[in-house]
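Its first residue numbered 1, the sequence shown is counted upward by one per residue in UniProt numbering.
What follows is a single structure, written as C-alpha cells, with notes after it.
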Amino acid sequence: MAEAVVGGPILSAFLDVLIKNIASQEFVDFIKGRRISESRLKKLKTIMLSVNGVLDDAEEKQITDPGVREWLDALKDAIYEADDLLDEISYKAFRLKIEAGYRTHGDKVRSFFSYVNPFKKGMKDKLDDILEMLEILVKQKEFLGLRKGIEEKPFLQRILTTSLIDESGVYGRDDDKEALIKMLLRDDANGNDLGVIPIVGMGGVGKTTLAQFVYNDSRVQEWFGVRVWVCVSEEFDVFKITKDILKEVTSLTCDTQTPNQLQLELKERLMGKRFLLVLDDVWKCKYTDWEILQIPFKFGAQGSKIVITTRDANVASTMRTVPTHYLKELTDNDCWSLLAKHAFDVRNSSIHPDLEEIGRKIVKKCKGLPLAAKILGGLLRSNRNVEEWEKILKSSLWNTSNDILPALRLSYHYLPSHLKRCFAYCAIFPKDYEFEKEELILLWMAEGFLVHSFVHKEMEEVGDDYFQELVSRSFFQRSSDYRSCFIMHDLINDLAKNVSREFCSRLEGEDSCKITKKTRHLSYVRAEDDSSKKFEGIYEAQLLRTFLLVEWSCIDNEVINDLLLKFRKLRVLSLSQYRSVAALPKSIGYLKHLRYLNLSTASIKSLPEIVSILYNLQTLILHECTNLAVLPDSIGNLKHLRHLDLSGTSIISLPESICGLCDLRTLILCQCKDLIELPTQMARLINLRHLDIGGTKLQEMPPRMGELKNLHLLTCLIISKHGGSNIKELGELQHLRGKLCIWNLENIVDAEDACTANLNGKRHLKELELMWNSGTDNSVHQKGVLEQLQPHANIECLSIVGYRGEGFPDWLGDSSFSNIVFLKLSGCKYCFSLPPLGQLASLKDLSITDFDGIVDVGPEFYGNCTSMKKPFGSLKILKFESMPQWHKWISSVDKDEYRAFPLLQELHIRECPNLATSLPTHLPSLTTLEIEGCLQLVASLPRAPAILKMKLKDESRDVLLKQLPSGLHSLTIDRFYCLDSIIDLVGSFSRTLEEIDIRNHDSLKCFPLELFPKLKRFRITRCSFLESLCTTEATRENFASLNSLEIRECPNLVSFLKGRLPAPNLVRLLLLGCSNVESFPEKMLLPSSLTSLKIWDFQNLKCLDYNGLQHLNSLRELEICNCPKLQSIPEELPSSLSSLSVYLCPLLERRCQRETGEDWHKISNIPHVKVNLHKIN
C-alpha cells in the first residue's frame, strides 16, 4: 500500500463500495426489465453521496455529541441493510446464470432452489424502505448542524520500510528490572517459602513488558529450573488458571477434569523444583480463590517465586508476600526515546530537529505511558510533515473525557477509513485472544473490507497490507507465546469495542455485551455452565453477519439449526472446534450471503449437496474433519471459492469438478494421509497461489503443473516417470517462495531438464529438499542432475537425500551461500569426501547420515577459511550417523582445531563403528555430547568446559568414562562392555549430576547412588546382576533431591525392597521385572511423597499389601501391568488416587468389572479406571 488516506471516516469505506457496486455495468444490466427502476438506484446513490460529504464533521462531533453518535449508528444500520439488498441482487443474478448452465439436468438444481426460496419480499419494497430511512437521516443532518468537509484530507507517502517494528527497545526500566531480579534471586522472601511479587501500575504503563524483560533475563533463566507464563485477564478462574499452568509445565493438553486432580498433578510437577510463575494481567482476585490456587505452589523448592501484574492495588495486597513494586510512568525523555524509535526507526532523532520539538510536546500528553508513546509513534511514523504533527498536537481529541486514552483515540482517528473498519471489527475478539494473520485476513475478505484501487492487487495481498499497517501502528502485537500469532493489548481491545459500539458484541461469561437489532458481528466464548438458554438473547440480532466460535464448544445441535434458520444475513459462520457437528442441517442453504464457513474438527462424514448453492462462498475450512472422506461433485458450483482447507481429512481423491474453481487461490491438503491422487485437470486452476500437499500418499502429480504460473507456494513436486509432472514444469513457476520438496529425482532422464527448472532463479525460495528414491545408480547422471539443481543463494534450509553421485557439485559449500542455516546430507552412499561446508558462514545445524564411502573427514570439510573467518563459525548442532567406513577426523592444520566450531553446542556421533581417533580437541561452547556405536573410539574427549549432558552407548573401552568432565548434569551409559565397576570412575562430576541413565550392564552389582547428592532422576535398565543401589548404610539418607526412579529388568535387586526407600521427595517410581517378589510393598517401604507408582512384569506377585500403601496420601496414579498371579485389589486404596490402570492381569480383570466385579466396590470412587485400555469408570 503506497498511499493511505489519513483520518477518513469509518463509514466512507462502506459507502465507497456501495456506490461502486450500484454503478457497475453488471448490476445495471441485471435490474433492467425488472421491478426496480434505475431512478430509485440513482436516488440511493445521490443520498449516499450527500451523507458521505458530512461524515468528516460527524465523526469529529460524535465523540462529544450523543445525538450525532445516534445519527451515525442509524446511518451505519441503513448502509448495512442497503449492502445486504445489493448482495441479494448479485446472488440472484449469479443464481440465474448457474441455472442457465444446468438446464439440461435441471431437476436436481431446481429441487435445491425450491427448498431455498430467498426472495419472499420484493426487492423493490426493501429498497423503498431503505430510501425512506436514508431520506429521514438526510433531513436530520441539517438539524444536527453537520457540514460538508471544507478541506480534503491529505495523502501521505508511506515510508518504504518494514512494518514489523523491533519490539526489543525498552526505555527507562533498568532500575525496575534490577530491583525485581534482586528479589527473584533471593533464596526466600522475608522468611516465606514462596515469594509473591506484585507489579502494580495503570493500564499501558508497561507492566507486562517489564515482567517479560525480567522473565527472559539470563540470570533468571539459570536460577529457575521451571518458568511458567500465564495470562489471567479479567476472570480469575482457579480451574482454568491451574489448567493453563499445568499445560505450560508439561507442554501437553490436560484432559483431567476435576480441580482436585489438576492440583494433585501440578503439585507432582512442581515438587522440589525452584520455579518462577508469572500471572500476567490479573484484574480481580478473591482471597479464598487465591488460597486454593496457591496450594500446589507450596511444594516447590525454596526460592520459588510468583510475579503478578495488575492494575489493582487491592489485588496485590491479597496475593503478595513482599512489598508491592509500583511501576511509575516513564520520564518525558524516556517517553520521547520510545516514541522516536517508532516514529523514525532510528535512535538519533536529531536529524529531525523541527519534528523533535513538536514531538516532545506531544510526549507530555502521553502522561508517561509507553503504550501511548508507541501508538503515537506508529501514527507519526508515516508523516514527516511539520504541519501534520502540529495538527496532532493541537487536536481537540486530547480533551475528551472517557475511559479511552486520548492518545489511543487520536491514533484511531487518524487511521484511513478502510483500516478503521478492519480494526473496529476486531472488537469481536475476547481480550487476550490470539489470532493468526491469515485467519483475520480471510474474515476481513468475507466481510467485504478488502477493496483496493489497484487492479493487480489480490484481495489477500490487500489484506496483508492492511494487517501490516495495523502492526506497524502497534494496534496488533506479536504474541509472546506463539510467534505466529498476534494479540491486542487490553486498552486497544477496549478502543475497538468503544468505536464499534453495538455493532460488534461478544457472548462471554456473565457480563456479555448487550445484543441489539443493530448487532452485526458476534463471537461466542464458551463458559463452563453454558446452556441453550444463553442463546435466546442473541435472536434479537436478526441481521447478524458474523457468528464466530473462538474456542472449543458444545452447543446443542438444535441451537445450531435455529441459528441457521434465523440469521439469514450471515457472511461469516465459524463452528470451528464444535466437535458435535455430525451433519450440516439443510437450513445451511438459506445463507445466500455466506462467504466464510469454518467447520474445523467437526465430525461430518460428507458435505451436503445443498452447500453447492452457497454461491458467494469464498472460504471453506474443513481442517481435521477426520471422518470426511469424500467431497460432492457439486462443489464445482462454488465459483467464488478462493480458500479451501481440507488438511487432516480422510479424503482419498478430489472430484474433477474442483478444477472448475477458477477463483481458487489456496488449496490445503497437508496431512491428508489417505490422499493418493489429484484431479487430472489441475492445470485449469490458473489463479492458484498456494498448494500444500505435504504428508499425503501421492506418488505422482498430474501433468501441466507448470501452467499454474501464479503459484507462490508449492510444498512438493513429484517427478513422474510416465506422463505426469516433470522437472521442467518448475521453470514456468517464477513466483515460488517458502519451502519446496522435489521427490523422485531418479526419474529425470536428461540432466539438461533439471537446468530448465531454473532453481537458481527462484530468489524467494527459503527451503529446498531434493530427494532420490530407488532407481538407477548412474553416478555420472545423478551428479549432472544435482549440478543443474543449484538453488539461489538466498536459500536458508537445504536437504539432499538419497543422492547416488560419486561427488558433490562445486556449488555445495560455496561461500556465496551465506544464508544457509540448516543442511542435511543423507543416503549419499557413493560420495567419498565431504564438500567444504565450513565456509557456510551462517550454518547452524548440520546433519550428515548414511555415507557408506567416507573414510576420512579432513581439511576439505573445513574449506578455505581466512584468519578473519572461523570454520563453522555459526554451527550449533552437528550430527554424524551411520558412516560404517569412517576412521579418522582431522582438520587442515593444527590451528584450525582451536578456531573451528566456536559456537558448537551439540555433537552427536552415532553408529560409526570404525571411528578411532582425533575428535576435535577444543569445543568451548559444547553442552551436549552423544557417542553411540563407536566401538573403536579411543580418542580423548574434547575440552568442553560448558558441557552438561553426555550419552555414551555401545563402547568397548572405558577411556571416555575416565575423561568425564566436571560440571556434568546428565549422563547416559548404555552397553559399556568393559565396565566392571563404576565406583572407580566417579570423579568430581558426581556432585553436579542431576540425571543418570544406566542400561545393559550385566557385570554391575552395586551402584553408589548415595554419592550423587543432587540427583533428581535415576533410571537403571537390564542390569541382570545388580543387587544394591548404595554401597554403605551410613549414607542412605542422601537422596533428598531424587524425585524420579525407574528400575527395569534388574531381577536380583533386593536391597531396597527390604527396608525403607530413603527418598523423601520421590514422586515417580516405576518397577519392571521383579520376578521374585510375591507381596509388595512392605509397610513404610515407599515414601509418602509418591504420586505415581507403576508395577510392571511382577510375574509372581500375588498380593498388593494394604499396609505398604495406606500412608501414600499423595498417590494419584497406580498402574499394574502383566502381573498374572495378582489375585485382588487391597481392601482400601489411598483416597488421593485418581487413576487406576490394570493391564494383562487376568485374575484382576474379572474382579474389576463395573458393577459385577468382586473388587468393584473398592475402586468405584476412583475417577479414571482402565482395564486393558478400556475405560470402565
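Glycine included, each C-beta is placed from N, C-alpha and C at the ideal position.
Check                                                                                                                                              : Outcome
Same chain, Cβ closer than 7 Å to L688, five either side skipped, listed in chain order                                                            : L664, R665, L667, L708, N710, L711
Own chain partners of N794 with C-beta closer than 8 Å, once the 5 adjacent residues on each side are dropped                                      : R763, H764, L765, K766, N819
Beta carbon of G694 nearer than 8 Å to that of T680                                                                                                : no
N-terminal and C-terminal residue of the alpha helix (DSSP H) that W336 is part of                                                                 : 332-344
Alpha-carbon spacing of R1019 relative to L442, whole angstroms                                                                                    : 51 Å
Inter-residue Cα distance where the pair is S981 and D237                                                                                          : For S981, the predicted model reports a pLDDT of 48, less than 50, meaning its position is unreliable; a value from the coordinates is still stated below. Rounded to whole angstroms, S981 to D237 spans 54 Å at the Cα level.
For D354, three-class secondary structure by DSSP                                                                                                  : helix
Unbroken alpha helix (DSSP H) run spanning L134, endpoints                                                                                         : 123-143
Contact the region 369-376 vs the region 331-346: 3+ CB pairs below 8 Å                                                                            : yes
According to DSSP, residues forming a beta bridge with P1008                                                                                       : Bridge partners of P1008: none, in fact.
Stretch pair the region 1009-1026 + the region 1039-1046: three plus CB contacts closer than 8 Å                                                   : yes
Buried/exposed call for T318, threshold 16 Cβ in 10 Å                                                                                              : buried
Close Cβ partners of K1162 (< 8 Å) along its chain, the five nearest in sequence each way excluded                                                 : I1129, P1130, E1131, E1132, L1133
Counted within 10 angstroms of its Cβ, other Cβ atoms place V572 as buried (16 or more) or exposed                                                 : buried
Residues that L548 bridges to, as DSSP identifies them                                                                                             : S523, S574
Spatially closest choice to E1027 from H735, G813, D845, K1005, by CA coordinates                                                                  : K1005
Beta-carbon proximity of T519 to E536, cut-off 8 Å                                                                                                 : no
Distance between P1087 and T1021 (C-alpha atoms, nearest Å)                                                                                        : 22 Å
Same chain only: Cβ atoms within 7 Å of K108, ignoring 5 sequence neighbours per side                                                              : Reliability of the predicted coordinates at K108 is poor, the pLDDT of 44 falling under 50, and the value obtained from them is presented with this limitation in mind. Closer than 7 Å at Cβ, skipping near neighbours: no residue.
Beta-carbon separation (whole angstroms), R473 vs I375, contact threshold 8 Å                                                                      : 7 Å
Anticipated Cβ contact below 8 Å, S1136 with R1150, distance rounded                                                                               : Contact doesn't hold; Cβ gap of about 26 Å is too wide.
Neighbourhood of E135 by C-beta distance below 8 Å, restricted to the same chain and skipping five residues each side                              : I47
Check whether C670 and S653 have beta carbons under 8 Å apart                                                                                      : no
Residue from N598, D73, E677 with nearest C-alpha to T516                                                                                          : D73
Buried or exposed by the 16-neighbour rule on C-beta atoms within 10 Å, applied to Q302                                                            : exposed
Rounded straight-line distance, which links the Cα of D87 to that of S634                                                                          : 23 Å
Buried versus exposed, by CB contacts within 10 Å (16 or more), Q1153                                                                              : exposed
Bounding residues of the alpha helix (DSSP H) (the contiguous stretch that carries C1050)                                                          : Taken as a continuous stretch (DSSP letters only), C1050 belongs to no alpha helix (DSSP H), as it is neither H nor E.
Three-way DSSP call (helix, strand, coil) for E167 in this model                                                                                   : At E167 the pLDDT is 44, less than 50, meaning the model places this residue with poor confidence and gives no usable figure here.
Close-in-space but distant-in-sequence residues of the same chain around L276 (CB under 6 Å, 5 per side omitted)                                   : F224, R227, K305
Close Cβ partners of K1094 (< 6 Å) along its chain, the five nearest in sequence each way excluded                                                 : L1070, E1119
Check whether I909 and G858 have beta carbons under 8 Å apart                                                                                      : no
Beta bridge counterpart(s) of V1171 as assigned by DSSP                                                                                            : V1142, H1174
Anticipated Cβ contact below 8 Å, I718 with Q699, distance rounded                                                                                 : 7 Å
Any beta strand (DSSP E) of 3 or more consecutive residues that is wholly inside the UniProt domain "R13L1/DRL21-like LRR repeat region" (727-850) : 738-743, 765-771, 797-801, 822-826, 845-849
C426, DSSP secondary structure in three states                                                                                                     : helix
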